[in-house]
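Here the structure is laid out as structure tokens; the discussion comes afterwards.
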Amino acid sequence: MTPKLTAIYIALATLLASAWLGPQYGGNVQVVTRLGLSLNIVQLGVLNIDRFEKNTVDKALVDGHYYSDKAPGHSFFAVPAVAIANTVLNVLGLNSERVWDRFEVFNRIATLWANSLPLAFAATALYLLARKLGATETGAIFGALSMSLATPLLGWSTAFFAHSLSASLLICVMTIIAFGFDRNDAGTSKRGLMSGALLGLVCGFTVAVDMTTGPVLAASGLLALFMCRNHGLSHIGALASTMAVAAVIGALPLLAYNFAIFGNPVKLAYSAVVGFEGMKEGFFGISAPEPAILWEILFGTYRGLLPLSPILLLAPIGAAVMLKHPESRHFGAFAIMAVMYFLLLNAGYHYWNGGFSTGPRHLTPAIPFLALALAFAWPKQTGLQFALMFLLVPSLALSLVCANIDMFAPDNIKAPLTEYLLPRMSDPKEFLFALPVLVSWGIFAALIYLAEMAEGDGPPATPPPQSATSC
């Protein structure tokens with residue numbers, strides 16, 4: 187099977203699972219503040235969320251009006267889908283002046299467009315990126331499977347939160363760097379500057395979606411420049427300038443939103459947040475990381491990532507493999523840095539538990555980097571492959587349970603998986619509803635089987651990837 191066809195199947199399998207399981211409950215306060223902004227832009231042409239303010243605690247108060255306190259990129263990204271849905275409902279005479287009558291319809295459309303589709307695209311990007319960096323065909327498929335169906339990222343792609351969109355954009359950033367700065371002749375050509383412009387645009391918009399990704403994105407720009415280190419200071423300077431200008435353009439949704447509210451493009455809505463006194467601690471609620479919290483978000487039964495996705499235990503093995511090989515070494519080091527950043531950030535955040543959350547939702551942007559490492563952890567030995575199933579199958583099952591039952595586990599339940607999610611999954615109706623996702627599992631299983639057969643019969647169908655060491 188060709189890489190192009192494999193990529194298409196990966197996207198379809200991912201989209202099927204996410205679209206079927208979504209959306210999560212639209213009445214969640216974060217969904218209301220984000221989707222409320224999208225709806226008010228489309229229906230009223232305003233940036234405030236005054237008509238939704240009684241239904242959300244995530245809001246900022248400025249000059250008598252309420253605004254979403256979140257970075258607006260995710261809401262802006264959903265505007266085209268919301269506008270189309272609004273027009274169709276109007277034409278069919280199904281719209282309502284009472285926004286809550288159709289809120290779940292808009293929630294479904296917006297989530298599919300702004301979360302499920304980007305995840306499908308990101309799963310394909312991760313597969314292509316892993317192959318580019320030297321992972322086997324089977325390993326690359328395994329990494330894409332793990333990211334999209336065997337971690338909480340699946341569940342967050344069914345919720346109109348920004349986490350899955352920012353995670354999807356981050357893996358796209360890495361893919362742009364790997365493919366856009368890999369040829370010796372691209373660094374001095376128009377192609378190199380075009381790659382830099384694209385990278386800057388995506389990085390800037392990712393900040394507008396999730397501001398916590400800023401340091402990782404800045405580091406990604408440095409990685410791109412590092413890969414051009416053999417082309418002279420003049421070219422590096424031109425590339426850096428191109429990326430910087432493009433990044434500002436990409437970040438315009440955030441800058442324009444801030445300017446419209448405060449008259450200052452760099453003043454954040456968090457500065458006027460209503461309630462949440464903890465946001466005044468440190469830097470918008472972020473202080474020094476606490477070891478106890480770090481342990482909890484990794485291993486705890488309350489908000490632990492690994493109890494929900496044990497397959498991620500293999501990520502350090504894959505990262506070690508990446509560091510050993512020239513093709514993947516720099517990206518492996520970058521992935522480790524990104525994961526550590528998000529871990530420490532979450533461990534130092536005042537509201538580290540994420541409120542109503544299944545797992546540590548603030549760690550979601552780190553999952554693609556862990557999954558990239560998993561692509562290099564796929565073993566060659568058949569016996570080890572079967573052993574790996576003891577981690578993969580539970581991860582698939584647990585991710586399905588979380589996405590199917592509730593990604594908004596109440597914050598007063600100390601062990602959401604055993605006390606809340608699994609008991610509800612025992613309901614025959616819930617169990618039967620989740621069964622179609624097994625089709626997605628089957629597609630990935632077939633892809634892995636075919637890849638293993640092809641790799642066992644002889645040399646790969648595609649030539650080994652070139653070293654991604656310069657632009």
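To get this note's numbering, take the position in the sequence shown, counting from 1, and add 186. Glycine included, C-beta positions come from ideal geometry on N, C-alpha and C. All figures in this text were calculated on a predicted structure; none of them were measured in a lab.
Cβ atoms of residue 357 and residue 189: under 9 angstroms apart, would you say? Position 3 of the sequence shown, counted from the start, is the residue given in the question as residue 189. Position 171 of the sequence shown, counted from the start, is the residue given in the question as residue 357. No, they are not a contact pair.
Grab me the residues of residue 479's own chain with a C-beta within less than 7 angstroms of its C-beta, minus the 5 sequence neighbours each way, in chain order. Taking the first residue of the sequence shown as 1, we reach residue 479 at position 293. A distance below 7 angstroms between beta-carbons, with the five flanking residues on each side excluded, links residue 479 to the following residues of its chain, in chain order: 533 and 538.
Consult DSSP for residue 372 and reduce its assignment to one of helix, strand or coil. Here residue 372 refers to the residue found at position 186 when the sequence shown is read from its first residue. Bear in mind that the predicted position of residue 372 carries a pLDDT of just 44, short of 50, making it too unreliable to give a figure here.
Mind checking residue 646: buried by the 16 CB within 10 Å criterion, or exposed? Here residue 646 corresponds to residue number 460 of the sequence shown, with the count starting at 1. Interpretation of residue 646 is limited by its pLDDT of 45, a score under 50 that renders its predicted location unreliable; the figure taken from the coordinates is listed afterwards. Counting Cβ neighbours within 10 Å, residue 646 comes out exposed, since fewer than 16 surround it.
Taking residue 314 as the reference, give the member of 279, 366 and 294 with the closest Cα. To locate residue 314, count along the sequence shown from 1; it is residue 128. Taking only the C-alpha atoms, the option nearest residue 314 is 366.
If I measure Cβ to Cβ from residue 354 and keep anything under 7 angstroms in the same chain, skipping five residues before and after, which residues do I get? Here residue 354 refers to the residue found at position 168 when the sequence shown is read from its first residue. Cβ contact annotation for residue 354 (same chain, cutoff 7 angstroms, sequence separation greater than five): 304, 305, 307 and 308, in chain order.
List, from N- to C-terminal side, the alpha helix (DSSP H) runs of 4 residues or more that fit wholly inside the stretch 311-398. If one requires a minimum length of 4 residues, the alpha helix (DSSP H) runs lying completely within the stretch 311-398 are 323-335, 339-342, 349-366 and 376-395, in chain order.
Between residue 567 and residue 400, what straight-line distance do the alpha-carbon atoms span, to the nearest angstrom? Counted from its first residue, the sequence shown places residue 567 at position 381. Counted from its first residue, the sequence shown places residue 400 at position 214. Approximately 40 angstroms, taken between the alpha carbons.
Find the nearest neighbour of residue 627 within the set 271, 363 and 200, judged by alpha-carbon distance. Position 441 of the sequence shown, counted from the first residue, corresponds to residue 627. Residue 627 has its Cα closest to that of 200, out of 271, 363 and 200.
Same chain only: Cβ atoms within 6 angstroms of residue 196, ignoring 5 sequence neighbours per side: For the purposes of this step, residue 196 is taken as the residue at position 10 of the sequence shown. Answer for residue 196: 309, 310, 313 and 330, listed in chain order.
In angstroms with no decimal places, state the Cα-to-Cα distance between residue 246 and residue 444. Against the sequence shown, residue 246 aligns to sequence position 60. Against the sequence shown, residue 444 aligns to sequence position 258. Distance between residue 246 and residue 444, taken at the CA atoms: about 12 angstroms.
Could you name the residues of the same chain whose beta carbon sits closer than 7 angstroms to that of residue 602, not counting the 5 residues immediately before and after it, in chain order? Counted from its first residue, the sequence shown places residue 602 at position 416. Answer for residue 602: 544 and 595, listed in chain order.
Given residue 205, which residues of its chain have a CB within under 8 angstroms of its CB, disregarding the five upstream and five downstream residues? Residue mapping note: residue 205 aligns to position 19 of the sequence shown, counting from 1. Once the five neighbours on either side are set aside, the close Cβ partners of residue 205 are 298 and 302.
According to DSSP, is residue 246 part of a helix, a strand, or is it coil? Taking the first residue of the sequence shown as 1, we reach residue 246 at position 60. Residue 246 sits in a strand when the DSSP states are folded into three classes.
Quick one: Cα of residue 616 to Cα of residue 541, how far? Residue mapping note: residue 616 aligns to position 430 of the sequence shown, counting from 1. Residue mapping note: residue 541 aligns to position 355 of the sequence shown, counting from 1. Answer to the nearest angstrom: the Cα atoms are 24 angstroms apart.
Neighbourhood of residue 520 by C-beta distance below 6 angstroms, restricted to the same chain and skipping five residues each side: In the sequence shown, residue 520 corresponds to position 334, counting from 1. Taken in chain order, the residues that qualify are 409.
Where does the unbroken beta strand (DSSP E) through residue 251 begin, and where does it stop? Position 65 of the sequence shown, counting from 1, holds the residue named residue 251. Taken as a continuous stretch (DSSP letters only), the beta strand (DSSP E) holding residue 251 covers 251-254.
Residue-chain proximity (residue 583, chain B), Cβ-Cβ < 9 angstroms: Note that chain B does not occur in the displayed structure, where there is just one protein chain.
Look at the alpha carbon of residue 470 and the alpha carbon of residue 634, and state the distance between them as a whole number of angstroms. Locating residue 470 in the sequence shown gives position 284, counting from the first residue. Locating residue 634 in the sequence shown gives position 448, counting from the first residue. Taking the straight line from one Cα to the other gives about 44 angstroms.
Cα-Cα separation, residue 210 to residue 421: Here the question's residue 210 lines up with position 24 in the sequence shown. Here the question's residue 421 lines up with position 235 in the sequence shown. Distance between the alpha carbons of residue 210 and residue 421: 47 angstroms.
Taking the alpha-carbon of residue 342 as reference, which of 269, 587, 290 and 237 has the nearest alpha-carbon? In the sequence shown, residue 342 corresponds to position 156, counting from 1. Checking every option, the nearest Cα to that of residue 342 belongs to 587.
Does the distance from the C-beta atom of residue 389 to that of residue 418 stay below 9 angstroms? In the sequence shown, counting from the first residue as 1, residue 389 sits at position 203. In the sequence shown, counting from the first residue as 1, residue 418 sits at position 232. It is not a contact, given that the beta carbons lie outside the stated cut-off.
N-terminal and C-terminal residue of the alpha helix (DSSP H) that residue 604 is part of: Translated into positions along the sequence shown, residue 604 becomes position 418. Element bounds for residue 604: n/a, residue is neither H nor E.
What's the gap between the Cα of residue 395 and the Cα of residue 631? The sequence position of residue 395 within the sequence shown is 209, counting from 1. The sequence position of residue 631 within the sequence shown is 445, counting from 1. Rounded to the nearest angstrom, the two C-alpha atoms are 33 angstroms apart.
Selected residue, minimal CA-CA separation from residue 266, among 229, 447 and 234: The count along the sequence shown starts at 1 and reaches residue 266 at position 80. When each option's Cα is compared against that of residue 266, the closest is 229.
If you scan the stretch 215-245 from start to end, which runs of the alpha helix (DSSP H) of 4 or more residues do you find wholly inside it? Listed in chain order, they are 215-229.
Simplified DSSP assignment, three categories, for residue 503: Within the sequence shown, the letter at position 317 stands for residue 503. Three-state DSSP puts residue 503 in a helix.
Helix, strand or coil: how does DSSP classify residue 197 here? Position 11 of the sequence shown, counted from the start, is the residue given in the question as residue 197. DSSP places residue 197 in the helix class (H, G or I) of the three-state scheme.
In chain order, what residues of the same chain lie with their CB nearer than 7 angstroms to the CB of residue 336, ignoring the 5 residues before and after it? Position 150 of the sequence shown holds residue 336. If we look at residue 336 and ignore the five residues flanking it on each side, its Cβ neighbours are 495, 497, 578, 581, 582 and 585.
Counterpart residues of residue 472 in DSSP-defined beta bridges: Start at 1 with the first residue of the sequence shown, and residue 472 comes out as number 286. DSSP lists 469 and 535 as partners of residue 472.
Using the rule of at least 16 other Cβ atoms within 10 Å of the residue's Cβ for burial, across every protein chain shown, is residue 371 buried or exposed? By one-based count along the sequence shown, residue 371 stands at place 185. The pLDDT assigned to residue 371 is 45, lower than 50, so where the model puts this residue is not dependable, and the model offers no usable value.
Checking the sheet assignment: what are the DSSP bridge partners for residue 459? Here residue 459 refers to the residue found at position 273 of the sequence shown. DSSP output for residue 459 lists 246 as bridge partner(s).
The stretch 263-278 touching the stretch 240-254, judged by at least three CB pairs closer than 8 angstroms: As far as the Cβ criterion goes, the stretch 263-278 does not touch the stretch 240-254, which means the pair count is below three.
Please work out which residues of its chain come closer than 7 angstroms, Cβ to Cβ, to residue 235, disregarding the five sequence neighbours upstream and downstream, and give them in chain order. Stepping through the sequence shown from its first residue, residue 235 is reached at position 49. Non-local C-beta neighbours of residue 235 in its own chain, meaning closer than 7 angstroms and more than five positions away in sequence, comprise 219, 222, 223, 226, 245, 252, 253 and 254, ordered along the chain.
Span of the alpha helix (DSSP H) around residue 575: As a working mapping, residue 575 is identified with position 389 in the sequence shown. Unbroken alpha helix (DSSP H) run through residue 575: 568-591.
Look at the alpha carbon of residue 611 and the alpha carbon of residue 591, and state the distance between them as a whole number of angstroms. Taking the first residue of the sequence shown as 1, we reach residue 611 at position 425. Taking the first residue of the sequence shown as 1, we reach residue 591 at position 405. Pairing residue 611 with residue 591, the inter-Cα distance amounts to about 7 angstroms.
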